[in-house]
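In terms of numbering that gives the first Met the number 0, the sequence shown has 391 at position 392, counting the first letter as 1, and numbering is strictly consecutive.
Think of the CB as a built atom: it goes at the ideal place given N, C-alpha and C, for glycine as much as any other residue.
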Amino acid sequence: MSYEESPCLDPQPPYVTESNERPFTEPEPRERLGESSVAPTAATEPPKAKVAVFPALPVQAMQQRTHLPQRFWSWIGLKDKTLFDLLQLLGASIAVPVFLALLTYQQAKTADDRQRHEMMSNYFDEMTELMLNKNLGEPEQNSKVQSMARARTLSTLRQLDGERKGQLLKFLYESNLIGQCKLSSKPGQPTACQASVLDLNGARLNETTFDQPVPLPGINLTAAFLPGAQLPKFDLSRAQLQNATLEGANLTEALLDQAQMVKVQLVNAVLKDANLYKATLNGAFMRKADLSGATLTEAKLDKADLQDANLSNATLTKAILQKAILKNANLNNADLAGANLKEAKLTGADLTSANLENADLSGADLSGAILTETNLKGAKWDNNTEFPTGFDRKGKGMQK
């Protein structure tokens with residue numbers, strides 16, 4: 000059986016040749032295939048030494064290996080393709096779906112923006128109609144109109160993005176529908192406040208953003224859902240934020256003086272340098288909140304959870320922190336002069352260089368706390384007060 004007739008033998012690759020193994024023979028005439036019958040020149044004769052050359056036509060090498068006829072490769076369009084050509088084809092097959100996916104995403108985003116814009120326009124028109132023709136916001140308004148406005152507002156908020164939620168809130172506030180306080184000549188000092196017309200209890204205001212700080216003193220957002228809200232430098236004096244969710248919100252340098260924030264959720268919120276003068280935060284959940292540099296003078300924080308919170312350089316003079324949880328809190332250089340810390344949990348708290356002059360520590364738990372260079376002059380304590388192991392009260396000027 001000849002070499003060509005054997006079905007088992009793998010033909011020698013066309014790119015390896017060896018002298019004297021295969022004598023050069025004149026190729027058969029090719030006129031029947033429509034090709035030139037010019038005989039090969041000496042340049043096309045096999046070299047005399049064994050040479051390995053990378054194939055320019057990988058498909059032909061694949062044909063030799065797989066015994067597939069030449070017309071098959073021509074039929075699928077890969078007869079004369081090089082490796083570079085194949086890679087280009089593969090790249091196109093990947094790039095086209097990616098491009099189409101991006102195009103589809105952009106089209107969907109544009110459609111969503113258009114839909115939200117139309118939704119906002121319709122909402123403004125409907126609310127204006129209720130105010131002009133149904134007495135919404137007036138003393139003679141009826142509860143049915145008020146309920147209708149609330150339902151429409153909550154439904155619209157659920158479908159808006161953060162920026163448009165901010166626009167909607169601004170519209171409601173300026174329309175005197177969600178509370179308002181008139182400012183006195185002194186910035187941040189509201190005088191008379193208006194009651195809220197719309198109840199936004201449970202409103203979905205997450206990720207709410209504004210183009211710039213907006214004065215919203217006296218706004219009523221009781222039990223509203225505002226995680227991640229961006230409200231830096233906002234005037235929220237006397238705001239109603241009871242039971243509101245503000246986890247992760249940005250309230251840096253915000254004005255929250257006299258704000259009602261009972262049981263507010265402020266986990267991981269940023270209130271750096273915020274003004275919370277006389278704010279009511281009883282039962283507030285403020286774990287890991289950043290209150291560094293904040294003003295909490297005379298603030299009410301009974302039973303507030305401030306575990307792991309950052310209160311470094313904060314002002315808490317005469318603040319009420321009875322039964323507050325301050326475990327592992329950072330109170331470095333904080334001013335707690337005259338603060339009420341009865342039965343407060345301060346285990347592991349860092350009170351380095353803090354001022355606790357005349358503070359009430361009766362029944363407080365300070366075990367494990369850091370009291371390096373802490374001013375305890377005139378601070379009150381009793382038999383239920385627990386101090387760090389080895390702490391010497393002598394010479395601290397404390398009163399029992």
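| Query | Result |
| --- | --- |
| Along the chain, where does the alpha helix (DSSP H) that runs through residue 151 open and close? | 142–156 |
| Are three or more beta carbon pairs between the segment 371–385 and the segment 349–361 nearer than 8 Å? | yes |
| Around the Cβ of residue 311, are there at least 16 other Cβ atoms within 10 angstroms (buried) or fewer (exposed)? | buried |
| Could you check what DSSP says for residue 284 in three-state terms: helix, strand or coil? | strand |
| Just the C-alpha distance for residue 282 and residue 133, rounded to the nearest angstrom, thanks. | 40 Å |
| Taking one C-beta from the segment 145–158 and one from the segment 123–137 each time, how about it: are there three or more such pairs within less than 8 Å? | yes |
| For residue 229 and residue 271, I'd like the C-alpha separation in whole angstroms. | 13 Å |
| By a C-beta neighbour count over all protein chains shown, 10 Å radius and 16 as the cutoff for buried, is residue 385 buried or exposed? | buried |
| Pick out whichever of 231, 258, 341 has its Cα sitting closest to the Cα of residue 322. | 341 |
| In this structure, what does DSSP give as the bridge partners for residue 294? | 274, 314 |
| What's the C-alpha gap between residue 397 and residue 332? | 19 Å |
| Within 10 angstroms of its Cβ, does residue 291 collect 16 or more other Cβ (buried), or is it exposed? | buried |
| Just confirm the distance between the C-beta atoms of residue 288 and residue 266, as a whole number of angstroms; I'd bet it's less than 8 Å. | 7 Å |
| Alpha carbons only, please: which of 259, 121, 231, 235 is nearest the one belonging to residue 247? | 231 |
| Would residue 371 be called buried (16 or more neighbouring beta carbons within 10 Å of its own) or exposed? | exposed |
| Threshold first: 4 residues or longer. Then list the alpha helix (DSSP H) segments lying entirely within the segment 325–364, N to C. | none |
| From residue 54 to residue 109, what does the alpha carbon distance come to, in whole angstroms? | Its pLDDT being 46, under 50, residue 54 is placed unreliably by the model, and the measurement read from it follows with that caveat. Whole-angstrom Cα-Cα distance: 50 Å. |
| Using only the alpha-carbon positions, how far apart do residue 309 and residue 121 sit? | 44 Å |
| Could you check the C-alpha separation between residue 258 and residue 118 for me, to the nearest Å? | 32 Å |
| Below 8 Å on the Cβ atoms is my contact criterion, and I expect residue 255 with residue 274 to pass it. Report the Cβ-Cβ distance as a whole number of Å. | 6 Å |
| Any idea what DSSP makes of residue 233, helix, strand or coil? | coil |
| Excluding the 5 residues preceding and the 5 following residue 135 in the sequence, name in chain order all residues of the same chain whose CB lies nearer than 6 Å to its CB. | 129, 144, 148 |
| So residue 334 and residue 365 are supposed to be a Cβ contact under 8 Å. How far apart are they, rounded? | At roughly 18 Å, the Cβ-Cβ gap does not stay under 8 Å, so residue 334 and residue 365 are not in contact. |
| At the level of alpha carbons, what is the spacing between residue 486 and residue 399? | Lying before the first or after the last residue shown, residue 486 is absent from the chain, which here runs from 0 to 399. |
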